[in-house]
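Numbering follows the UniProt record's numbering, with no gaps: position 89 of the sequence shown is 89. All residues carry an ideal CB built from backbone N, CA and C; glycine is no exception. Reviewing the structure listed below.
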Amino acid sequence: MAALVNAATSEKLAETDWMKNIEICELVAHDQRQARDVIKAIKKRLGNKNPNIQLYAVVLLEMLMNNIGDLVHQLVIDTGIIPILVKIVKKKSDLPVRERIFLLLDATQTSLGGASGKFPQYYNAYYDLVSAGVQFPQRDQVTQPSRPHSQLNGINYVQNREQAPPRHQQAESQTVPESSIIQKASNALEVLKEVLDAINAQHPQAARDEFTLDLVEQCSFQKQRVMHLVMASRMDYNAFPSGL
Numbered sequence: 001m002a003a004l005v006n007a008a009t010s011e012k013l014a015e016t017d018w019m020k021n022i023e024i025c026e027l028v029a030h031d032q033r034q035a036r037d038v039i040k041a042i043k044k045r046l047g048n049k050n051p052n053i054q055l056y057a058v059v060l061l062e063m064l065m066n067n068i069g070d071l072v073h074q075l076v077i078d079t080g081i082i083p084i085l086v087k088i089v090k091k092k093s094d095l096p097v098r099e100r101i102f103l104l105l106d107a108t109q110t111s112l113g114g115a116s117g118k119f120p121q122y123y124n125a126y127y128d129l130v131s132a133g134v135q136f137p138q139r140d141q142v143t144q145p146s147r148p149h150s151q152l153n154g155i156n157y158v159q160n161r162e163q164a165p166p167r168h169q170q171a172e173s174q175t176v177p178e179s180s181i182i183q184k185a186s187n188a189l190e191v192l193k194e195v196l197d198a199i200n201a202q203h204p205q206a207a208r209d210e211f212t213l214d215l216v217e218q219c220s221f222q223k224q225r226v227m228h229l230v231m232a233s234r235m236d237y238n239a240f241p242s243g244l
């Protein structure tokens with residue numbers, strides 16, 4: 001499992017290898033005895049000084065948390081990964097991995113019930129960072145010089161979604177209006193819904209093509225941004241589109 005984790009978090013990758021990440025998640029889902037070895041391997045990769053390796057490790061960890069659940073949450077605590085994540089975020093640098101971890105801790109502690117939830121360690125880690133003055137300006141990472149099309153089952157769909165720059169490139173910081181963040185999340189969700197609706201039920205494997213997997217990741221990322229926005233600004237939930 002360590003070899004597979006190393007391949008999924010290699011510094012040679014130009015972007016996240018979603019297929020390897022999914023493969024790891026499926027292996028753990030089918031044999032949860034593999035989970036500890038996977039989490040230990042991720043911990044080792046987080047200790048690497050290469051920021052790209054750290055970022056890919058965080059993305060893999062996030063996918064495991066979202067798909068496996070409590071087992072992974074507990075192993076992250078037991079293996080001492082949370083202090084490592086906090087340490088990375090507290091470093092004074094403008095690396096994308098810092099914001100990714102911050103959003104992950106925020107979304108996780110919120111979904112788990114905060115201080116009174118099942119795993120208050122995530123709440124403690126997040127508020128340790130908040131108390132230390134850690135914050136990130138909301139970033140508009142949309143770069144849409146063109147609107148490429150993806151064809152599924154003979155139907156063309158406009159790829160009208162957030163095009164994030166490569167993770168290893170530092171995005172230029174700028175403030176994004178709250179309404180813009182919500183609108184981007186709503187747009188990403190709507191495009192994914194249209195793509196999934198167009199997939200032939202007799203050929204579900206079409207849902208695992210690179211385009212669809214990228215859409216799923218975009219929706220996951222936007223969900224974290226919206227949750228972070230709610231926590232930061234205490235917005236009225238009635239302002240959110242249905243489905244978010």
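Take the Cβ of R33 as the centre, count every other Cβ of all protein chains shown within 10 Å, and call the residue buried at 16 or more, exposed below.
R33 comes out exposed.
By DSSP, does V226 sit in helix, in strand, or in coil?
V226: helix per DSSP, three-state reduction.
Cβ of E11 within 7 Å of Cβ of I42?
Not in contact: E11 and I42 (Cβ atoms no closer than 7 Å).
Below 7 Å CB to CB, which residues in the same chain sit around V97 once its five sequence neighbours on both sides are set aside?
Correct list, in chain order: P51, Q54, L55, V58 and I88.
Where N67 and S220 are concerned, what is the direct C-alpha to C-alpha distance, given to the nearest angstrom?
Spanning the two alpha carbons is a distance of roughly 12 Å.
In three-state DSSP terms, what is G114?
The answer is helix: DSSP assigns G114 an H, G or I state.
Could you tell me the distance, in whole angstroms, from the CA atom of T110 to the CA atom of G80?
Distance between the alpha carbons of T110 and G80 is about 20 Å.
If you follow the alpha helix (DSSP H) that E15 is part of, which residue opens it and which one closes it?
Where E15 is concerned, there is no enclosing alpha helix (DSSP H), because DSSP gives it neither an H nor an E.
Just the Cα atoms here: how many angstroms apart are E62 and A107?
Spanning the two alpha carbons is a distance of roughly 10 Å.
Can you tell me the Cβ-Cβ gap for V28 and L64, rounded? I've got them flagged as a contact below 8 Å.
The distance from the Cβ of V28 to that of L64 is about 7 Å, consistent with a contact at the 8 Å cut-off.
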